[in-house]
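Enquirer: Read in order, the letters of the sequence shown correspond to residues 39 to 382 in my numbering.
I'd like to ask some things about the structure below.
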Amino acid sequence: MPLNISRLEKLQTLLVASKIDIYIICNPLDLRYFLDQEIEGVLIVIQNKSHVYLITDGRYQQLLQSENKRIKIIMARKGYVNELKKLLTRYRGRKKIGLEGTTNLETYLKLKNEFHNLSSNFLVRELRKIKDSEEITRIKKAIEITKEAISTLRNKLRNREEKEIKAYLEFQMQSLGADGSAFVPIVASGVNSAYPHAFPTEKKISRFLLLDCGAKYRGYCADLTRMFFWDKIPKVIKRAYEVITEAKQLGLSLIKEGEIISRLVTKVENYMKKKGFNENICHGLGHGVGLEIHEPPFVNRYNQEPLKSGMVITIEPGLYFPGVGGVRCEDVILVEKNKGVILE
């Protein structure tokens, strides 16, 4: 099992800056960030050590057979927390222990009761906001698969059930090399598209369609939204689509390192409001994409952090009209120093 040394060293640098001696990581996706395997267990990183401890169980014994001297395996016999307590006993009261904030509350309370020098932090979350070249490559491949899957069904949409298209999409993405779908595809025709996260139904597709889907490739997600139009499109839907297309281009033009996220979102939302759609915005402008389909940074009007080079986010303006339908368009964007680049 490989250990990503570059990411480990970045975490250890954050540990030094935060004055944390030992760091505990429990979230399977955070483990995958370092080990490139989605397993259940606990990863323990020590500030000044070149190796890590991995507490796991017999389900992963064969997977872990390959020797890696930098990963010291501890097989849990009586639960992860009990083994973790044994390992941490030597540090009780003498070292500062950090716990990644995505850990469940039960585990946190069990540890906090015995180790009062324990604090909750989000250091791995911070690291995961900035993608390295391997992560970007995998996201681009997931997007490529998603686009190809969408292209295969362009002539198969009309008069098919939403559920049928959802199943076809998932099958196509896997056939093209995806791990699977990054989330349940949104296939929403006509009035169903007024629900931003509509579930596919037996409704036959006609008039217009909102399709939101993404493949997952080697752990990394894509997220694209496309609209399809046929005949008898309501005027408000046609006009709204023109506005969100313009709004997405505006958003893309504003993306660069240092741009404050809330300021970017406010400018795009104000543009749509000035076009007469003040009451039709019901979600944020986007979100980070990576190992999770929705992850930091969250692109909404409340996020005061600046964009940084290497962040991968979506821009997805949408407008919704109860009883009529909704429109949304979405692409995945890589933040660079002076611009945003659509990944494809």
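Yeah, the Cβ is synthetic: ideal placement off N, Cα and C, and Gly gets one too.
Skipping 5 residues on each side, what residues in its chain have a beta carbon closer than 6 Å to that of residue 114?
Expert: The count along the sequence shown starts at 1 and reaches residue 114 at position 76. Excluding residues within five positions, the ones whose Cβ falls inside 6 Å are 93, 95 and 121.
Enquirer: Unbroken alpha helix (DSSP H) runs of length 4 or more, entirely within the region 146-187: which are they?
Expert: Fully enclosed alpha helix (DSSP H) runs of 4 or longer: 161-167.
Enquirer: Closest to residue 135 by C-alpha separation, out of 152, 338, 116 and 142, would be which residue?
Expert: As a position in the sequence shown, residue 135 is number 97, starting the count at 1. Closest option to residue 135, Cα to Cα, is 152.
Enquirer: What does the alpha-carbon distance come out to for the pair residue 54 and residue 85?
Expert: For the purposes of this step, residue 54 is taken as the residue at position 16 of the sequence shown. For the purposes of this step, residue 85 is taken as the residue at position 47 of the sequence shown. Using only the alpha carbons, I get a separation of about 7 Å.
Enquirer: For a test of the three-state rule: what should DSSP assign to residue 334, helix, strand or coil?
Expert: Residue 334 sits at position 296 when you count from the first residue of the sequence shown. In the structure shown, residue 334 sits in a strand (DSSP, three-state: E or B).
Enquirer: Hey, residue 81 and residue 69 are a contact pair by Cβ (cut 8 Å); roughly how many whole angstroms apart?
Expert: To locate residue 81, count along the sequence shown from 1; it is residue 43. To locate residue 69, count along the sequence shown from 1; it is residue 31. Residue 81 to residue 69, Cβ: 5 Å. Contact.
Enquirer: In the DSSP assignment, what residue or residues form a beta bridge with residue 94?
Expert: Position 56 of the sequence shown, counted from the start, is the residue given in the question as residue 94. In DSSP, residue 94 forms a bridge with 113.
Enquirer: From the DSSP output, read off the bridge partner residues of residue 264.
Expert: Within the sequence shown, residue 264 is the residue found at index 226, counting from 1. In DSSP, residue 264 forms a bridge with 249.
Enquirer: Who pairs with residue 356 in a beta bridge, going by DSSP?
Expert: Position 318 of the sequence shown, counted from the first residue, corresponds to residue 356. DSSP, once it has assigned bridges, lists 366 as partnering residue 356.
Enquirer: Count the C-beta pairs between the region 135-145 and the region 295-304 that are closer than 8 Å, then say yes if the count reaches three, no if not.
Expert: No: fewer than three Cβ pairs fall under 8 Å.
Enquirer: Counting beta carbon pairs with one atom in the region 321-335 and one in the region 246-266, are three or more of them shorter than 8 Å?
Expert: The region 246-266 is in contact with the region 321-335.
Enquirer: Per DSSP, what kind of secondary structure is residue 88 in: helix, strand or coil?
Expert: If you number the sequence shown from 1, residue 88 lands on position 50. Three-state DSSP puts residue 88 in coil, outside helix and strand.
Enquirer: So residue 326 is in the beta strand (DSSP E); what residue range does that whole segment cover?
Expert: Position 288 of the sequence shown, counting from 1, holds the residue named residue 326. 324-326 is the span of the beta strand (DSSP E), which, as asked, contains residue 326.
Enquirer: Is DSSP giving residue 372 helix, strand or coil here?
Expert: As a first step, residue 372 is located in the sequence shown; it is residue number 334 there, counting from the start. In this structure, residue 372 counts as strand in the three-state DSSP scheme.
Enquirer: Which two residues bound the contiguous alpha helix (DSSP H) that contains residue 288?
Expert: Position 250 of the sequence shown holds residue 288. Per DSSP, residue 288 belongs to the alpha helix (DSSP H) from 273-292.
Enquirer: Which word fits residue 200, buried or exposed, when buried means at least 16 other C-beta atoms lie within 10 angstroms of its C-beta?
Expert: The residue you call residue 200 lines up with position 162 of the sequence shown. Residue 200 should be labelled buried.
Enquirer: My output table needs one value for residue 126: the three-state DSSP class, helix, strand or coil.
Expert: Taking the sequence shown and counting its residues from 1, the one referred to as residue 126 is at position 88. Three-state result, residue 126: helix.
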